[in-house]
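Everything on this sheet refers to the single structure shown next.
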Amino acid sequence: AQSVAQPEDQVNVAEGNPLTVKCTYSVSGNPYLFWYVQYPNRGLQFLLKYITGDNLVKGSYGFEAEFNKSQTSFHLKKPSALVSDSALYFCAVRDFSSGAGSYQLTFGKGTKLSVIP
Amino acid sequence: DSGVTQTPKHLITATGQRVTLRCSPRSGDLSVYWYQQSLDQGLQFLIQYYNGEERAKGNILERFSAQQFPDLHSELNLSSLELGDSALYFCASSVFELPDTQYFGPGTRLTVL
Chain Y
8 AQSVAQPEDQ VNVAEGNPLT VKCTYSVSGN PYLFWYVQYP NRGLQFLLKY
58 ITGDNLVKGS YGFEAEFNKS QTSFHLKKPS ALVSDSALYF CAVRDFSSGA
108 GSYQLTFGKG TKLSVIP
Chain G
5 DSGVTQTPKH LITATGQRVT LRCSPRSGDL SVYWYQQSLD QGLQFLIQYY
55 NGEERAKGNI LERFSAQQFP DLHSELNLSS LELGDSALYF CASSVFELPD
105 TQYFGPGTRL TVL
């Protein structure tokens, strides 16, 4: 079975500092990984995804994520945090191998990011 | 704005009642997904339709059902409602049958009293 873990329920960071939101995954085949952001009272918005290729993926709003196969991680990063980045962040995974694992995306429980002015 | 619309935004009802949530996918998207988001369970996949046919089922209760119509909009029907069904219900859509980038609607907040 595939699974996603976001080990931190909450991350606090000062405005202007770099931020990292952690995600680790488990799939039997090759992972297809996503990051989504949810602002209060809004639906989830797609930030970025990794299928194959460069381990560093760039996405919307200056976010990027680093895929690390050996550590089965896909951490979300941003060099300089903004107050407006404060939101709930979700990591999701699907097994990319045809016929392997679950057919659907499995989401983590989310990490609340608070950027302090 | 993702292009996915959901109605209504809020719904307050009583236990034992039945409600219908509606979703219109982005133009050109053939897949529709339904999710339930609650504080204790997180984001749970309920069901997927692709071009009018059911494709996958997740943690969907027997009291819940869904369908996708020829114009590709979808409805999620929740019946015999219980207090524990209170949650945010999201619809998402994508182009392909296999789950790819999904675009989420703003959600319907259901409160069961």
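Chains as they are written, first to last, in our numbering: chain Y, 8 to 124; chain G, 5 to 117. Ideal Cβ positions, reconstructed from N, Cα and C, are used throughout, including at glycine.
Residue-level contact to chain Y via CB, residue i, 9 angstroms cutoff
{"i": "S78 (chain G)", "result": "no"}
{"i": "V100 (chain G)", "result": "The question names Val, but residue 100 (chain G) is Phe in the sequence shown. Closer than 9 angstroms: no."}
{"i": "S6 (chain G)", "result": "yes"}
{"i": "A91 (chain G)", "result": "no"}
{"i": "Y37 (chain G)", "result": "yes"}
{"i": "L47 (chain G)", "result": "yes"}
{"i": "P110 (chain G)", "result": "yes"}
Residues near residue i by beta carbon distance below 7 angstroms, same chain, minus five either side
{"i": "S33 (chain Y)", "result": "Q9, S10, T79"}
{"i": "G20 (chain G)", "result": "S84, L85"}
{"i": "G69 (chain Y)", "result": "K85"}
{"i": "Y46 (chain Y)", "result": "A94"}
Whole-number beta carbon distance between residue j and residue i, since they are thought to touch under 8 angstroms
{"i": "T115 (chain G)", "j": "S90 (chain G)", "result": "5 angstroms"}
{"i": "G56 (chain G)", "j": "Q72 (chain G)", "result": "5 angstroms"}
{"i": "Q52 (chain G)", "j": "Q111 (chain Y)", "result": "7 angstroms"}
CB contact check: residue i to chain G, cutoff 9 angstroms
{"i": "A107 (chain Y)", "result": "At A107 (chain Y), the pLDDT of 46 sits below 50, so the modelled position is not reliable; the number obtained from the coordinates is stated separately. Chain G contact via Cβ: absent."}
{"i": "N19 (chain Y)", "result": "no"}
{"i": "Y32 (chain Y)", "result": "no"}
{"i": "Q9 (chain Y)", "result": "no"}
{"i": "L89 (chain Y)", "result": "no"}
{"i": "F53 (chain Y)", "result": "yes"}
{"i": "F74 (chain Y)", "result": "no"}
Cβ-Cβ distance between residue i and residue j below 9 angstroms
{"i": "Q17 (chain Y)", "j": "C30 (chain Y)", "result": "no"}
{"i": "V23 (chain G)", "j": "C95 (chain G)", "result": "no"}
{"i": "K61 (chain G)", "j": "L50 (chain G)", "result": "yes"}
{"i": "K65 (chain Y)", "j": "Y39 (chain Y)", "result": "no"}
Cut-off 6 angstroms between Cβ atoms - residues of its own chain near residue i, not counting five sequence neighbours on either side
{"i": "H14 (chain G)", "result": "R113"}
{"i": "S28 (chain G)", "result": "T9, H77"}
Contacts around residue i, its chain only, beta-carbon distance under 8 angstroms, and the 5 residues preceding and following it disregarded
{"i": "G108 (chain Y)", "result": "Confidence at G108 (chain Y) is low in this model, with a pLDDT of 45, below 50, so the placement of that residue should be treated as unreliable; the coordinate-derived value is given next. Within the same chain, G108 (chain Y) has close Cβ partners A8, Q9, V34, S35, G36, R101, D102."}
contact_flag[the stretch 83 to 101 of chain Y, the stretch 39 to 59 of chain Y] where n(CB pairs < 8 angstroms) is 3 or more: The stretch 83 to 101 of chain Y makes contact with the stretch 39 to 59 of chain Y; the number of CB pairs closer than 8 angstroms reaches 3 or more.
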